[in-house]
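Step one of this worksheet: look at the structure below.
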Amino acid sequence: YRRFLQMFGRIVLGIDEKLFDEVFEKYDKEFRKEVESKYPEELEALKSKYPKYTLRLDAQPPSDVAPRSWKLAIEYLKKVVEEYKKIIKEQKGEFPHDPWRQLELAIKAVFRSWMNPRAIYYRIANNITPDIADCTAVNIVTMVFGNMGWDSGTGVYFTRDPATGENKPYGEFLPNAQGEDVVAGIRTPLSLDELKERMPRVYEQLIEAGKKLERLNKDVMDIEFTIERGKLYFLQNRAAKMTPMARVKTAVDMANEGIISREEAVLKVKPDVVLKLLYPRIDPKAKAVPIAKGLAASPGAVSGQVVFHPDDAVDWARKGRKVILVRVETKPDDVHGFYAAVGILTARGGMTSHAAVVARGIGKPAVVGAEAIKVDYEKKEFRVGDVTVKEGDWITIDGNTGNVYLGKVPTIAPELVAELQTLLGWADEFRRLGIRANADVPEDANIARKFGAEGIGLLRIERMFRKPERLAALRKVILAETKEEREEHLRKLAEMIKPDFKEMLKIMDGLPVVIRLIDPPLHEFLQAPEEILKEFYETKIAYYALKSSEAVKEVAPDILKSYEGKIAELEKLLRRVTVLKEHNPMMGHRGVRVGVTYPEIYYYLARAMIEAAAELIKEGYNPKLEIMIPQVAEANEIRYVKEKAILPALKDVAKDYGFELVERDAPGTYAFKTESGKEYEILVGTMIETVRACLTADEIAKEVAFFSFGTNDLTQATFSFSRDDVENKFMPQYLELEILKNNPFETLDVKGVGKLVELGTRVGKSVNPKLEVGLCGEHGGDPASIEFLHKAGLDYVSASPFRIVVARLAAAHAAIKEKLQQGK
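Per this note's numbering, the very first residue in the sequence shown carries number 8; after that it's consecutive.
Structure (C-alpha cells):
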C-alpha cells in the first residue's frame with residue numbers, strides 16, 4: 008500500500024517524487040538503526056541464512072528468521088503511509104479511495120504520458136513520426152504481488168544475454184519485492200542462478216516458456232515476471248533491447264539454428280546499429296588504474312566531463328561538450344540526458360536496470376551498479392574512497408569491462424568481429440548496389456578496404472594541397488600572370504602530388520578510384536584580402552621605421568631590399584585576390600569552369616594521376632583510374648575539357664611510358680594497351696551536382712563513362728540553401744516546426760532532389776546503356792537515402808569509411824524489402 012501511494016502520487020497525480028523519497032529515507036534510516044541496536048541477533052541470523060540480503064524498509068525481513076524486526080518494519084511502514092497521505096492531501100487534495108476512480112485517473116495519466124517531455128524526446132530521437140504512431144494504448148490487467156513473502160519475488164529474464172548475445176538464460180530477480188525495485192535499480196538484484204537454487208520448479212517453467220516465446224516470435228525475448236507465493240506470472244513479454252554486438256550475434260546464431268532465414272537475420276539488424284560496433288576500447292598500453300568498478304552494461308569506452316542532472320547533460324552537450332551522466336540510479340524521466348551524454352555511470356542497479364536497458368538500446372557506453380561511488384547531488388560531486396570527482400571533471404568509463412577511470416584514457420579502434428563479418432557477407436549476397444568510399448588519404452583508404460569498400464567513389468584532389476609546400480606551389484599557380492609561368496609551377500605541383508595518387512591507387516589495387524579534378528573556387532586557396540592588407544601595412548610600417556633608423560646604415564642593406572621585395576609581393580597578391588574575389592563564389596568560377604578558363608591546370612592535374620597509374624602498370628599492378636569533372640552544367644564543357652586537357656594528358660603519358668592509347672566506342676572510355684596486349688581502362692566521368700546537369704543528362708551521358716551525383720551541392724542548388732548558413736541558423740527551427748521532416752543534407756529529399764536524381768539516371772542510361780551511375784554525397788551512408796537510391800536504379804553509392812558497413816547492410820535491406828514487396 009505504501010508503494011501504491013507513492014507510485015500513484017508520482018505517476019498519476021504528478022507529485023514530485025523527492026517529497027516521497029525524503030520521507031521514506033528518513034524512516035528507513037530509523038528502522039535500520041533500531042534493528043541494529045535492539046535485535047542484533049536477528050540481524051546475524053539474517054546474514055547467516057541470506058548472505059546477500061540487505062536490510063531495508065522496502066525489503067521486510069522474513070518473519071521466520073527475524074520476527075521482531077518483521078513486526079517493527081510493519082509499524083514503520085504504517086508511519087510512512089500516513090506521511091504519504093499527508094503529502095498527497097497537501098499537494099493534490101484527498102487521496103481517492105474508490106477503485107473505479109483510481110482506475111479512471113490511471114487511464115487518463117497513461118494517455119497524458121504520450122505528450123510528456125521524455126516521450127516527445129524519445130520519439131524525436133528515434134524518428135517516430137505521427138504517421139508511424141500518433142497515440143498510445145492502455146492495457147488494464149489484474150495485479151500480482153512479488154512482495155507477499157520469501158516464496159514470492161520479481162525479476163527480468165532475457166532468453167539470451169542482451170550484452171553479448173550468448174545463448175544462455177540471462178537476468179536477475181529479487182525475492183520478496185516488486186518489479187519497480189529491479190527496473191529502477193533501487194535494490195541490487197540477484198542472478199537467475201539464485202532463483203534456480205531457491206525455486207527450481209519456477210526456474211524451469213520460466214526458461215521453458217521463454218524459449219517457446221523466442222521460437223514463436225523469432226526474436227530474443229525480454230520478460231518481466233512475478234512470483235506470487237510460488238506461482239509464476241508473466242507481466243510483459245517483448246523483443247529485447249540489446250547491445251549492437253548482441254543484436255548481430257543473435258541474428259547470425261538464430262539463422263544458423265534454423266529459427267529465422269538469412270534474409271530475416273539481415274533485416275533484424277538496423278544499419279545504423281553496426282556503426283555502434285565500431286566503438287573504441289581502452290588502449291592496453293595506457294596501463295590506466297580504475298578508481299571504481301561496476302557492471303559492464305553497454306559496451307564502448309568513452310571519456311567525458313561529469314554532470315549529475317539530465318538537464319545539465321542536454322545543456323552542456325548543446326555547447327559541444329562531451330559529458331558523462333552520473334546518477335545514483337536512473338528513472339524514465341532521465342532519458343533526455345541519456346541521449347545527450349556520451350556515456351552513463353550509476354551507483355546502483357543491475358544489468359536489467361533502467362540505465363542498462365536504455366543505454367544498450369541507444370548504443371551508449373554504460374557502467375551501472377558501481378557501488379563504491381558515493382554521489383552527492385547537492386555538492387555536485389561523487390567520492391570513491393579518498394578521491395573526489397566534481398562536476399566538470401573528466402572521467403573515462405569502459406562499458407566493456409565495467410571499469411571507471413579518472414581523467415582521459417587513450418582508446419583504440421575495434422576490429423570487425425566474426426559474426427558481423429558473417430552478417431555483412433550475407434548482406435553482400437542480397438544487395439544490388441555497389442558500395443564505395445569517400446577517401447582522400449591513405450589512412451581512410453585502408454579503413455575503407457578493411458570495411459569492405461569496393462573502390463573509392465570520391466577522392467577530392469584539393470585535400471592534397473594542405474601541406475604548406477604544396478599550398479605555396481598552388482598559390483604560385485594562381486598568382487602567375489602568364490601561361491608559361493603558370494605551367495612552370497604546375498609541373499612542380501604535379502610532381503608533389505603524384506606519389507599520393509600512386510599510393511591511393513596501389514592501396515585500392517584492382518578496384519576503381521574516382522579522382523575529382525579541382526572543384527573549389529581558386530580564391531579559397533589564398534589568404535583573405537583583409538589578412539593580406541593587414542600584413543601589407545604592418546610590413547610597410549616596419550620598413551619605414553627601419554629605413555629612418557641610423558642603425559640600418561651599419562647593418563647589411565640587404566635587409567631593406569628584403570622588405571621591399573616582401574612589399575612588392577604582397578601588393579601583387581592583393582591585386583590578384585581582388586580580381587579573383589566573387590560575390591557568390593559557390594556559384595562562380597569553380598569546378599569545370601576553372602578547367603575551361605585554365606585548361607593547363609586540369610591538364611597537369613590529370614597528367615599526375617594518369618602517370619601514377621602508368622607507373623603502377625609498369626610495376627605489375629592493376630590500377631583502375633576514373634577521372635571526374637565537377638560542377639558541369641553543359642555537355643560542351645566536358646567536350647572542351649576532354650579535348651584541351653584530359654585527352655592530351657592521356658596521349659602524352661601513353662607516349663612517355665610506351666603504351667598504345669585505345670579510345671573505346673563507349674563514351675569517356677580509354678585504355679592503355681601494353682606490349683603484351685593487356686589493356687588497362689581509364690574512365691572519364693562527371694559529377695552531377697547542378698540542376699541543369701540533371702535536366703540535360705541525356706546530352707551529358709553521350710560524353711562520359713559515368714555519372715556521380717554530388718548530392719551535397721545538388722541539395723544546396725535545389726533548395727537555394729547554403730548548407731553552412733542554414734544548419735546554424737534556421738534548420739533547427741524548420742525541423743521543430745515540421746516544415747521539413749528531415750534535414751535534407753542528412754537524408755535525401757526524395758520529393759525534390761530525389762526526382763532530379765531519378766530523372767538524371769533514367770535519361771542518362773537511355774542514351775548510354777553502359778553508363779555507370781553512382782552517388783558520392785553524405786547521403787551515401789544514410790540508410791533511408793540508400794533505400795531510395797536502390798529504387799532509383801543507381802549502380803553504387805559512396806560513403807565515408809566508417810559508414811561503409813552501414814551502407815552495405817542498408818543496401819541489402821533495400822533489396823530484401825523490394826523482393827518481399829514484389830512477392831506480396
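Note that CB positions come from ideal geometry on N, CA and C, so glycine has one too. All figures in this text were calculated on a predicted structure; none of them were measured in a lab.
Residue span of the beta strand (DSSP E) that contains residue i, given as start and end
| i | result |
| --- | --- |
| I634 | 631-636 |
| W401 | 401-405 |
| M14 | Premise fails: M14 lies in the alpha helix (DSSP H), 9-14, not in any beta strand (DSSP E). |
| M228 | 228-235 |
| I18 | Unbroken run through I18: none, as it is neither H nor E. |
Cross-strand partners of residue i (DSSP beta bridge)
| i | result |
| --- | --- |
| R63 | A66 |
| Q312 | V330, W401 |
| P182 | G160 |
| I442 | V804 |
| N410 | K300, D405 |
| K381 | R390 |
| S305 | A373 |
| S198 | E179 |
| L352 | V333, V374 |
| I419 | R288 |
| F165 | Y177, D229 |
| V396 | F389 |
Selection from the options that minimises the alpha carbon distance to residue i
| i | options | result |
| --- | --- | --- |
| A619 | E235, I522, A673 | I522 |
| I454 | R473, L285, T604, F472 | L285 |
| Y677 | E667, S683, V255 | E667 |
| E779 | K218, P739, V711, F728 | V711 |
| L702 | V770, E422, V691 | V770 |
| L26 | L427, E37, I95, K85 | I95 |
| I442 | G784, F165, K40 | G784 |
| E388 | K649, H316, V148 | H316 |
| Q109 | A552, F15, V757 | F15 |
| R17 | N750, Y611, K338, E264 | K338 |
| K777 | D672, A373, K99, E545 | D672 |
| A304 | A170, E204, G344 | A170 |
| V599 | S159, E641, K326 | E641 |
| K300 | G327, G406, V335, E97 | G406 |
| V601 | S360, V584, Q638, F232 | Q638 |
| K588 | F458, I485, F31 | I485 |
| L524 | I634, R288, R646, D35 | I634 |
Bounding residues of the alpha helix (DSSP H) (the contiguous stretch that carries residue i)
| i | result |
| --- | --- |
| V698 | 698-702 |
| D322 | 317-325 |
| I522 | Per DSSP, I522 belongs to no alpha helix (DSSP H); it is in the beta strand (DSSP E), 519-523. |
| T546 | 536-554 |
| P606 | 606-625 |
| L533 | No alpha helix (DSSP H) holds L533; DSSP gives it neither H nor E. |
| K831 | Looking at the DSSP string, K831 is not in any alpha helix (DSSP H), and its letter there is neither H nor E. |
| D451 | 449-457 |
| H343 | 342-347 |
| V424 | Taken as a continuous stretch (DSSP letters only), V424 belongs to no alpha helix (DSSP H), as it is neither H nor E. |
| N224 | 207-224 |
| E37 | 24-45 |
| G572 | 565-587 |
| R75 | 74-99 |
Residue i Cβ short of 8 Å to the ligand COA heavy atom set
| i | result |
| --- | --- |
| F679 | Judged by which ligands are present, the structure shown has none, so any question about the ligand COA falls away. |
What are the complete alpha helix (DSSP H) segments, minimum 4 residues, inside the region 239-291?
251-263, 269-275, 278-282
Mind pulling the alpha helix (DSSP H) runs of 4 or more residues that sit fully within the region 459-512?
475-486
Do the region 455-475 and the region 290-304 meet, that is, are 3 or more Cβ pairs less than 8 Å apart?
no
Contained alpha helix (DSSP H) runs [length at least 4] in the region 106-150, N- to C-terminal order:
Runs of the alpha helix (DSSP H) inside the region 106-150: 106-120, 124-132.
Take every Cβ of the region 646-664, pair it with every Cβ of the region 718-737, and state whether three or more of those distances are shorter than 8 Å.
Touching, no, given that fewer than three Cβ pairs across the two stretches are closer than 8 Å.
Ignoring anything shorter than 4 residues or poking outside the region 631-701, list the alpha helix (DSSP H) runs there in chain order.
642-648, 654-664
Starting from the N-terminal side, write out each stretch of the beta strand (DSSP E) that is 3 residues or longer and does not extend beyond the region 708-789.
713-716, 779-782
Counting beta carbon pairs with one atom in the region 355-364 and one in the region 408-420, are three or more of them shorter than 8 Å?
no
With contact counted as at least three CB pairs below 8 Å, one residue from each stretch, are the region 792-803 and the region 815-824 in contact?
yes
Counting beta carbon pairs with one atom in the region 238-252 and one in the region 263-272, are three or more of them shorter than 8 Å?
Segment contact: the region 263-272 against the region 238-252, fewer than three CB-CB distances shorter than 8 Å; contact not assigned.
Decide yes or no for the touch test of the region 344-353 against the region 308-315: beta carbon pairs closer than 8 Å, at least 3 of them.
yes
Check whether the region 389-403 and the region 217-225 touch, using three or more Cβ-Cβ pairs below 8 Å as the test.
no
At least 3 beta-carbon pairs within less than 8 Å: the region 171-185 vs the region 148-158
yes
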